[in-house]
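Trainee:
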Amino acid sequence: MTDFADMLEGYRRFRDTGWSQQRERWDELNEGQSPRVMVIACSDSRVDPAQIFDTSPGEIFVVRNVAALVPPFETNPGWHGVSAALEFAVQVLKVGEIVVMGHGKCGGCKAALSHDLKDAPPGEGGFIHNWIQLLDDARDVVVDRYGDQRDRDVERAMEQEG
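Final position of the sequence shown in my numbering is 166; the numbers increase by one with none missing.
#1: Is DSSP giving residue 91 helix, strand or coil here?
#2: Can you tell me where the alpha helix (DSSP H) with residue 32 in it begins and where it stops?
#3: Count the other CB atoms, across all protein chains shown, that sit within 10 Å of the CB of residue 28; report buried if there are 16 or more and exposed otherwise.
#4: From the DSSP secondary-structure annotation, give me the bridge partner or partners of residue 65.
#5: Terminal residues of the continuous alpha helix (DSSP H) containing residue 13?
#6: How many angstroms separate the CA atom of residue 36 from the CA atom of residue 53?
#7: Which ranges would you report for the beta strand (DSSP E) in the region 98-134 if only whole runs of at least 3 residues count?
#8: With H, G and I counted as helix, E and B as strand and the rest as coil, what does DSSP make of residue 23?
#9: Nearest CA to the CA of residue 86: which residue from 142, 66 and 125?
#10: Below 6 Å CB to CB, which residues in the same chain sit around residue 130 once its five sequence neighbours on both sides are set aside?
#11: Taking the C-alpha atoms as reference points, what is the distance between residue 127 and residue 81?
#12: If the criterion is Cβ atoms closer than 8 Å, does the pair residue 142 and residue 104 meet it?
#13: Based on Cα-Cα distance, which residue from 99, 151, 122 and 111 lies nearest to residue 50?
#14: Which residue from 109, 99 and 145 puts its Cα closest to that of residue 48?
Below you can see the structure in the form of structure tokens.
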């Protein structure tokens, strides 16, 4: 399993080999980025958009969060990270395509379906619950279809509905 010391060693290897092998590309990226696609993906460590789509640095603009959610458009004051990333990608970077990338066995979708974190205080699951409430409409559809059944088929339906 990777720990911080492993990450530092990986960085050293990158500086010693990866950086020099792609020096020309890094020089281009030093001037700025111009991705044509934005990917909104889950923060799950098992699904890395750059690796899945076999892209190089600078080719896709990625924002990641629990369950790859895109909150509704709101203009109220607050912390709108996904909205800010979307605005930056579209208005500044001029991306032509936006991909929302879900995945199987998503813990965020499973938590939204189970409501296990419903009464958790912030710092003990409450932040997660507040975030995944964005999936409540999808959850309602799945619960209406499957009732109290909870198995991989129901979880898959939740992932697809969400």
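Where is the CB? At the ideal position from N, CA and C, for every residue including glycine.
Mentor: Let's see:
#1: By one-based count along the sequence shown, residue 91 stands at place 87. In the structure shown, residue 91 sits in a helix (DSSP, three-state: H, G or I).
#2: Residue 32 sits at position 28 when you count from the first residue of the sequence shown. 27-34 is the extent of the alpha helix (DSSP H) around residue 32.
#3: What you label residue 28 is simply residue 24 of the sequence shown in a count that begins at 1. By the 10 Å Cβ count, residue 28 comes out exposed.
#4: Locating residue 65 in the sequence shown gives position 61, where the first residue counts as 1. According to DSSP, which records beta bridges pairwise, residue 65 is partnered with 42.
#5: To locate residue 13, count along the sequence shown from 1; it is residue 9. If you look at residue 13, you'll find it in the alpha helix (DSSP H) that goes 8-17.
#6: If you number the sequence shown from 1, residue 36 lands on position 32. If you number the sequence shown from 1, residue 53 lands on position 49. Note on geometry: alpha-carbon atoms of residue 36 and residue 53 lie some 20 Å from one another.
#7: Here the runs fully enclosed are 101-105.
#8: What you label residue 23 is simply residue 19 of the sequence shown in a count that begins at 1. In the structure shown, residue 23 falls within a helical segment according to DSSP collapsed to helix, strand and coil.
#9: Residue mapping note: residue 86 aligns to position 82 of the sequence shown, counting from 1. Of the listed residues, the one whose Cα sits closest to residue 86 is 66.
#10: The sequence position of residue 130 within the sequence shown is 126, counting from 1. Only 124 meet the Cβ criterion.
#11: Taking the sequence shown and counting its residues from 1, one reaches residue 127 at position 123. Taking the sequence shown and counting its residues from 1, one reaches residue 81 at position 77. C-alpha separation (whole angstroms): 22 Å.
#12: Taking the sequence shown and counting its residues from 1, one reaches residue 142 at position 138. Taking the sequence shown and counting its residues from 1, one reaches residue 104 at position 100. Cβ distance not < 8 Å, so residue 142 and residue 104 don't count as in contact.
#13: Residue 50 sits at position 46 when you count from the first residue of the sequence shown. Ranking the options by Cα distance to residue 50, first place goes to 111.
#14: Counting from one through the sequence shown, the residue named residue 48 turns up at place 44. If we check each option's Cα against that of residue 48, 109 comes out closest.
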